[in-house]
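Engineer: Okay, so the sequence shown: first residue is 315 according to this note's numbering, each after it adds one. We put the beta carbon where it would ideally sit given N, CA and C, even for glycine.
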Amino acid sequence: MKIIYIVFITLFTVVVISCTALPTCNKNQVLAMGGMNSVVDEDAFAQQRKRMVKEQIAYRGVKDKRVLEAMESVPRHLFIPEEIRSYSYYDQPVPIGFGQTISQPYIVAFMTELLQVGSNDIVLEVGTGSGYQAAILARLVKQVCSIEIIKDLGEEARQRLKQLGYANIEVMIGDGYKGCPERAPFDAIIVTAAAEHIPQPLIDQLKPGGRMVIPVGGVYAVQDLMLITKDESSEIVKTSIIPVRFVPLLRK
Ligand code: SAH
315 MKIIYIVFIT LFTVVVISCT ALPTCNKNQV LAMGGMNSVV DEDAFAQQRK RMVKEQIAYR
375 GVKDKRVLEA MESVPRHLFI PEEIRSYSYY DQPVPIGFGQ TISQPYIVAF MTELLQVGSN
435 DIVLEVGTGS GYQAAILARL VKQVCSIEII KDLGEEARQR LKQLGYANIE VMIGDGYKGC
495 PERAPFDAII VTAAAEHIPQ PLIDQLKPGG RMVIPVGGVY AVQDLMLITK DESSEIVKTS
555 IIPVRFVPLL RK
C-alpha cells in the first residue's frame, strides 16, 4: 500500500511539474529570442498557403504550374491589414481599406491562368489595391504596370511592393479606364474592378495576339468575367467565362 502511495505521489509531482514548468520555459525562450513569434507565424502562414493552393485552387481546376507556384510563394498575409491577417488564407475576399477588397485566392489564380502570360510579357493591371495580384504576375512576367485610382491605396501598395523586393512592378496613380498609353502596347491586361462596358482605350492598348481579362457588368450586380483576345490581324473575340462579383471600376 505504501509503495502504491509513493508511486502515486511521484507521478502526481511529475505531472504537476511538467504542466507548469513547460509553458514557463517556452515563454521564457520566446521572450529571450525576441523574434521567434514571427518565425512561428511565418511557418504557420506558409502551411496555410500550401493548403490554400491545394484545396481552393488546384482542387477547383487551376492547372498551370507556374501560377500554382506563384500562389504558393507570394505571402498573401503581408498584403492584408494586420488586424485581420488571420483571414488571409480564407476562401473569400478580404477588406483592404477605402471600401476595397483583395480578391478571393481562387479568383486571383483563375484570372491569372486565363491571361496565359509568358516570362517576356509586359502586363497592365487596372486596380492595384493591395498589390497582391501585381505581385503574383510579377513572378510570371517581365514587367507589370499597375494603376490605382485611390492615391493612398496606390502609394501604400507601391511602398509594400518595394519593401518586398518586387523590382519589376511600376505602380501608377490614375484612372485605369484610360490604360497607360506611355507603356502600351501590352501582351496582357487584367482589370480587377467591374466595368459597365469594356473600355476602348484598353482594347486599343492590347498587342495583336494579346489577352485581356475583365469583369463586365453593373455595379453591385453579378458580373461576367470576360476574356478578350486580339488576334494577329487585330480582330477582337469576346468570351464570357464565369459569373463573378467585383467592386466597381471608378471614374475620375
Ligand atoms: N487587385 C487588387 C484588388 C482590386 S480591388 C489586389 O490584388 O489587392 C479593385 C481596385 O480597383 C481598388 O483598389 C480600386 O480602388 C481600384 N479601382 C477602381 N476603379 C479604378 C480605376 N478607374 N482605375 C484604377 N483603379 C481603380
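Going by the C-beta, is serine 548 closer than 7 Å to any heavy atom of ligand 1?
Structural biologist: Serine 548: no, Cβ never under 7 Å from ligand 1.
Engineer: Rounded to a whole number of angstroms, what is the C-alpha to C-alpha distance between tyrosine 404 and serine 352?
Structural biologist: Cα to Cα, the separation comes out at about 20 Å.
Engineer: Residues in its own chain within less than 6 Å of glycine 490 by CB, not counting five upstream and five downstream?
Structural biologist: These residues qualify, in order along the chain: Val440 and Ile461.
Engineer: Mind checking whether the beta-carbon of glutamine 362 lies closer than 7 Å to any heavy atom of ligand 1?
Structural biologist: No, Cβ of glutamine 362 sits at least 7 Å from all heavy atoms of ligand 1.
Engineer: Going by beta carbon distance, what residues of the same chain come within less than 6 Å of leucine 451, once the five residues before and after it are set aside?
Structural biologist: Val437 and Val458.
Engineer: Give the range of the beta strand (DSSP E) segment to which arginine 525 is assigned.
Structural biologist: Residues 520-530.
Engineer: Let me check one thing: in DSSP terms, what residues is glycine 411 bridge-paired to?
Structural biologist: Gln414.
Engineer: Which same chain residues, not among the five before or five after glycine 488, have their C-beta less than 6 Å away from its C-beta?
Structural biologist: Counting only Cβ-Cβ distances below 6 Å, and skipping sequence neighbours, we find Ile461.
Engineer: Please work out which residues of its chain come closer than 6 Å, Cβ to Cβ, to isoleucine 556, disregarding the five sequence neighbours upstream and downstream, and give them in chain order.
Structural biologist: Leu539.
Engineer: Decide yes or no for the touch test of the segment 474-481 against the segment 503-515: beta carbon pairs closer than 8 Å, at least 3 of them.
Structural biologist: Verdict: no, contact absent.
Engineer: Residues in the same chain with beta-carbon distance under 7 Å from glycine 532, minus the five sequence neighbours each way, listed in chain order, please.
Structural biologist: Closer than 7 Å at the Cβ level, and outside the excluded window around glycine 532, lie Glu510.
Engineer: For chain B, is any of its Cβ atoms less than 8 Å away from the one on arginine 497?
Structural biologist: Among the chains in the structure shown there is no chain B, since it carries only a single protein chain.
Engineer: Have a look at Val536, Ala535 and Thr543 and flag the residue whose alpha-carbon is nearest the alpha-carbon of leucine 516.
Structural biologist: Of the listed residues, the one whose Cα sits closest to leucine 516 is Thr543.
Engineer: The alpha helix (DSSP H) spanning aspartate 466 covers which residue range?
Structural biologist: Start and end: 465-477.
Engineer: In chain order, what residues of the same chain have a beta carbon less than 6 Å from the beta carbon of glutamine 406, not counting five sequence neighbours either side?
Structural biologist: Result list for glutamine 406: Gln418, in chain order.
Engineer: Using DSSP with H/G/I as helix, E/B as strand and the rest coil, what is lysine 364?
Structural biologist: Helix at lysine 364.
Engineer: For my contact list, threonine 415 and valine 422 are in at a C-beta cut-off of 8 Å; report their separation, rounded to the angstrom.
Structural biologist: That pair is no contact at about 12 Å.
Engineer: Cβ atoms of alanine 448 and leucine 475: under 8 Å apart, would you say?
Structural biologist: Yes, Cβ-Cβ distance for leucine 475 and alanine 448 is below 8 Å.
Engineer: Near threonine 553, which residues of its chain fall below 6 Å by C-beta distance, leaving aside the five closest residues on each side in sequence?
Structural biologist: The answer, listed in chain order, is Leu541.
Engineer: Does at least one heavy atom of ligand 1 sit under 7 Å from the Cβ of aspartate 489?
Structural biologist: Within the cutoff, so yes.
Engineer: Identify every residue that forms a DSSP beta bridge with glutamate 569.
Structural biologist: Examination of residue 569 is not possible in this model, given that the chain is present from 315 through 566 alone.
Engineer: Say the cut is 7 Å; is the CB of glutamine 447 nearer than that to a heavy atom of ligand 1?
Structural biologist: Yes, Cβ of glutamine 447 sits closer than 7 Å to a heavy atom of ligand 1.
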